[in-house]
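Heads up, the sequence shown is in UniProt numbering, so the first residue is 1 and it goes up one at a time. This report concerns only the one structure given below.
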Amino acid sequence: MRIYLDHNATTPVDSTVVDTVSNVLRDCYGNASSVHTFGQSAKALLDDARASVAALLGAQPAEIVFTGGGTESDNLAIRGAAGVYSPN
Numbered sequence: 001m002r003i004y005l006d007h008n009a010t011t012p013v014d015s016t017v018v019d020t021v022s023n024v025l026r027d028c029y030g031n032a033s034s035v036h037t038f039g040q041s042a043k044a045l046l047d048d049a050r051a052s053v054a055a056l057l058g059a060q061p062a063e064i065v066f067t068g069g070g071t072e073s074d075n076l077a078i079r080g081a082a083g084v085y086s087p088n
C-alpha cells in the first residue's frame with residue numbers, strides 16, 4: 001500500500017472531479033466572455049458553478065469570484081483586506 005504524505009504540495013484528485021473536469025474540457029471549451037454559442041454555454045456553466053458555490057457558503061452569486069490560481073487569490077484577499085482596514 002502506498003501512502004502519500006505531501007498534501008501541502010498537491011493533493012490526489014477524486015475520480016469524480018477528474019471525470020467532471022475532463023467532460024467540461026472536452027465539451028465546453030468556449031470563452032465565457034464571448035457572445036458565440038460556445039462562449040454562452042461556458043458562461044451558463046460558470047454561472048451555475050457560481051450559484052452552487054454561493055449556496056454552499058450562504059452567499060449571493062455576485063459575491064463569488066473565481067480567480068486563475070492561488071497567487072491571484074492571495075493578492076485579491078490582501079488588497080481587499082487592505083482596502084477595508086486602510087485609514088484612508
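Even glycine gets a Cβ: it sits at the ideal position worked out from N, Cα and C.
Roughly how many whole angstroms lie between the Cα atoms of residue i and residue j?
i     : j     : result
Asp14 : Thr20 : 10 angstroms
Val84 : Asp74 : 15 angstroms
Phe38 : Leu45 : 11 angstroms
Val24 : Val17 : 11 angstroms
Arg2  : Pro12 : 12 angstroms
Ala77 : Pro87 : 18 angstroms
Arg79 : Asp6  : 30 angstroms
If you measure between the beta carbons of residue i and residue j, is that distance less than 8 angstroms?
i     : j     : result
Ala59 : Lys43 : no
Return the Cβ separation of residue i and residue j in integer angstroms, given the expectation that the two are a contact with Cβ distance under 8 angstroms.
i     : j     : result
Gly30 : Ser22 : About 17 angstroms separates the two Cβ atoms, so there is no contact after all.
Who are the near neighbours of residue i in its chain, counting only those whose CB is closer than 8 angstroms to its CB and skipping five residues on each side?
i     : result
Asp47 : Pro61
Going along the chain, which residues of its own chain have a beta-carbon closer than 7 angstroms to the beta-carbon of residue i, five neighbours each way excluded?
i    : result
Asn8 : none
Item to check | Validate contact between the segment 46 to 54 and the segment 63 to 72 using beta carbons, cut 8 angstroms, 3 pairs | outcome: In short, these stretches touch, since the Cβ pair count reaches three.
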